[in-house]
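Below is one structure, written out as structure tokens, with a few remarks after it.
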Amino acid sequence: MTPFGSAFHPTAPYGDIEFSAFGPTSGPVAPPGSCDMALFMRNIHAWMAAGIAEKAFADAFAALRAGGILGVEQHRLDPDDDQDPAATSGYVQEAFVRQLAAEAGFEFVEGSEINANERDTKDHPFGVDTLPPLRLSAPRGGTEP
1 MTPFGSAFHP TAPYGDIEFS AFGPTSGPVA PPGSCDMALF MRNIHAWMAA GIAEKAFADA
61 FAALRAGGIL GVEQHRLDPD DDQDPAATSG YVQEAFVRQL AAEAGFEFVE GSEINANERD
121 TKDHPFGVDT LPPLRLSAPR GGTEP
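Taking my numbering, the leading residue of the sequence shown gets 1, the next gets one more, and so forth.
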């Protein structure tokens with residue numbers, strides 16, 4: 001784990017913040033019950049593609065102490081659209097995220113529409129990677145036009 005926080009921001013209100021490595025073969029992200037909060041920020045689709053989404057939720061649950069919080073930010077697939085198991089578009093159904101969380105032991109407390117974007121048509125040729133700032137205009141590994 002790499003400490004971040006007060007060393008870089010002497011007035012940080014939360015004290016030392018630590019980041020952990022996570023991947024298919026990583027061990028625990030933190031000692032059991034040692035964390036107050038885990039944040040998943042627009043990465044569940046990548047974990048789905050890698051087949052490690054369930055591991056991410058289980059690892060986070062194990063690391064959180066009683067009363068700890070899991071915060072999730074993810075591009076939302078419309079509830080009526082079929083969920084691609086690999087989430088190649090980058091969009092994930094909220095119900096699917098809640099299911100993954102519940103299976104790991106989490107209890108849903110509250111959601112928010114703060115990042116909802118009514119103008120997002122969700123029909124981008126290369127999914128969320130077409131959105132700024134990336135504006136991917138060819139498939140990954142392909143050639144730009």
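All C-beta atoms in this analysis are idealised placements derived from N, C-alpha and C, irrespective of residue type, glycine included.
Within 7 Å, strictly: CB atoms of G105 and F40: no
Rounded separation between V29 and Q74 - CA only: 20 Å
When M37, A102 and E94 are compared against A63, the one with the closest alpha-carbon: M37
Reduced DSSP category for Q99 - H, G, I as helix; E, B as strand; rest coil: helix
Separation of E54 from E103, as counted between CA atoms: 8 Å
Three-state secondary structure assigned by DSSP to I114: coil
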